[in-house]
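Participant: With my numbering, the residue at position 124 of the sequence shown is 132, and numbering never jumps.
Glycine is no exception: its CB is placed at the ideal position from the N, C-alpha and C atoms.
Sharing a structure with you now.
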Amino acid sequence: MSNMLDKIIDLLKWPVALWALWSVPAFFQSLEYFDFKTLKFVALFCGFFLFFVARTSMENSVRVLMQIIAHELTHSFFALLTFHKLKHIRIEEDNSGGSMGFEGEGNWLIIIAPYFFPLFGFFFMVGIGFYMKFYALSWVVSAVFGYFIGYHMDTVASQIHEKQTDLPKVSYLFCVMFLPGANLWAIGSMLAFNSYGWDSFFKYQQLIARLNAENLKHLINLIFYF
Numbered sequence: 009m010s011n012m013l014d015k016i017i018d019l020l021k022w023p024v025a026l027w028a029l030w031s032v033p034a035f036f037q038s039l040e041y042f043d044f045k046t047l048k049f050v051a052l053f054c055g056f057f058l059f060f061v062a063r064t065s066m067e068n069s070v071r072v073l074m075q076i077i078a079h080e081l082t083h084s085f086f087a088l089l090t091f092h093k094l095k096h097i098r099i100e101e102d103n104s105g106g107s108m109g110f111e112g113e114g115n116w117l118i119i120i121a122p123y124f125f126p127l128f129g130f131f132f133m134v135g136i137g138f139y140m141k142f143y144a145l146s147w148v149v150s151a152v153f154g155y156f157i158g159y160h161m162d163t164v165a166s167q168i169h170e171k172q173t174d175l176p177k178v179s180y181l182f183c184v185m186f187l188p189g190a191n192l193w194a195i196g197s198m199l200a201f202n203s204y205g206w207d208s209f210f211k212y213q214q215l216i217a218r219l220n221a222e223n224l225k226h227l228i229n230l231i232f233y234f
């Protein structure tokens, strides 16, 4: 099962990269659909800045350790999602890095996942999704969510550098095409979730698809009717 799924995911590698690259303008266009003046977004931005305030007072060793743990857990999460049995998760004693192992060959999604997927933010969304069935999304929840968005952006930024061994495995060209759009998608999806939960999340995906289609139509008109 995992081998077949790996082959399907590998076939989708470059189409997904093209989609991510093409979607970049749509993600910026989608910002006008958010009402950033609401209490939810004010609280979210407060939580976002609170993370960077907390980051300045956090010991560097603790911050690096948290990033390594999140990195390896994200690899592991996507390995499990693609039906691979985990063998181990290790963190070096000097916090110089970590590793994880799984059965099977794997796929590009497992390799690249920590560089765009907000694992802690995702599980927060899942947990809050159950909470929101009984109570509307409060400003406190939005502030915590903003903290996780700040954590995601800081972690991704610190992990993308020339010494990172994961990036050459999927090729630098793929990273340039995929990662900007993939991170914008993750952040946009979290902003949408902050509005009205999972309903807003799925409507956001529809919005991006519509904006992509409109942009393609405009490009075709520009080429053939210039």
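Opposite residue 99 in the DSSP bridges: which residues?
Facilitator: Under DSSP, residue 99 takes part in a beta bridge, and its partners are 106.
Participant: Please report how far the alpha carbon of residue 38 lies from the alpha carbon of residue 201, in whole angstroms.
Facilitator: 14 Å
Participant: With respect to the alpha helix (DSSP H) encompassing residue 174, which residues constitute its N-terminal and C-terminal limits?
Facilitator: 174–178
Participant: Can you grab the Cα-Cα spacing for the pair residue 95 / residue 81, in whole Å?
Facilitator: 13 Å
Participant: Assign residue 76 to one of three DSSP states: helix, strand, or coil.
Facilitator: Of the three classes helix, strand and coil, the one that applies to residue 76 here is helix, per DSSP.
Participant: Got a sec? Which residues, its chain only, sit under 7 Å from residue 209 by beta carbon, not counting five neighbours each side?
Facilitator: Around residue 209: 197, 200 and 201.
Participant: What do you get for residue 231, buried or exposed, if any count of 16 or more other CB atoms within 10 angstroms of its CB means buried?
Facilitator: exposed
Participant: Leaving out five residues before and five after residue 190 in sequence, what residues of the same chain have Cβ atoms less than 7 Å from its Cβ?
Facilitator: 28 and 124
Participant: Which same chain residues end up closer than 6 Å to residue 133 when comparing Cβ atoms and leaving out the 5 residues on each side of it in sequence?
Facilitator: 201
Participant: Which stretch, first to last residue, makes up the alpha helix (DSSP H) that contains residue 158?
Facilitator: 147–167
Participant: Judging by CA-CA distance, which residue of 220, 211 and 107 is the nearest neighbour of residue 36?
Facilitator: 220
Participant: I'd like the list of long-range same chain contacts for residue 26, defined as Cβ closer than 8 Å, with 5 residues on each side in sequence excluded.
Facilitator: 185
Participant: According to DSSP, is residue 94 helix, strand or coil?
Facilitator: strand
Participant: Take the Cβ of residue 16 as the centre, count every other Cβ of all protein chains shown within 10 Å, and call the residue buried at 16 or more, exposed below.
Facilitator: exposed
Participant: Restricting to Cα atoms, I'd like to know which of 67, 98 and 183 is closest to residue 106.
Facilitator: 98
Participant: Would you mind sorting residue 126 into buried or exposed? The rule is 16 or more other CB atoms within 10 Å of its CB.
Facilitator: buried
Participant: Tell me which residue opens and which closes the alpha helix (DSSP H) that residue 13 is part of.
Facilitator: Its alpha helix (DSSP H) spans residues 10–19.
Participant: Write down the C-beta distance between residue 51 and residue 151 rounded to the nearest angstrom, noting that I regard them as a contact closer than 8 Å.
Facilitator: Contact check for residue 51 and residue 151: beta-carbon distance about 4 Å, within the 8 Å limit, so the pair qualifies.
Participant: Are the CB atoms of residue 149 and residue 157 within a distance shorter than 8 Å?
Facilitator: no
Participant: Around the Cβ of residue 89, are there at least 16 other Cβ atoms within 10 angstroms (buried) or fewer (exposed)?
Facilitator: With fewer than 16 other Cβ atoms within 10 Å, it is exposed.
Participant: Can you name the start and end residues of the alpha helix (DSSP H) that residue 53 belongs to?
Facilitator: Element bounds for residue 53: 47–65.
Participant: With 8 Å set as the bound, which would you pick, yes or no: does the beta-carbon of residue 149 sit closer than that to a beta-carbon of chain C?
Facilitator: Protein chain content of the structure displayed is limited to a single chain, and chain C is not contained in it.
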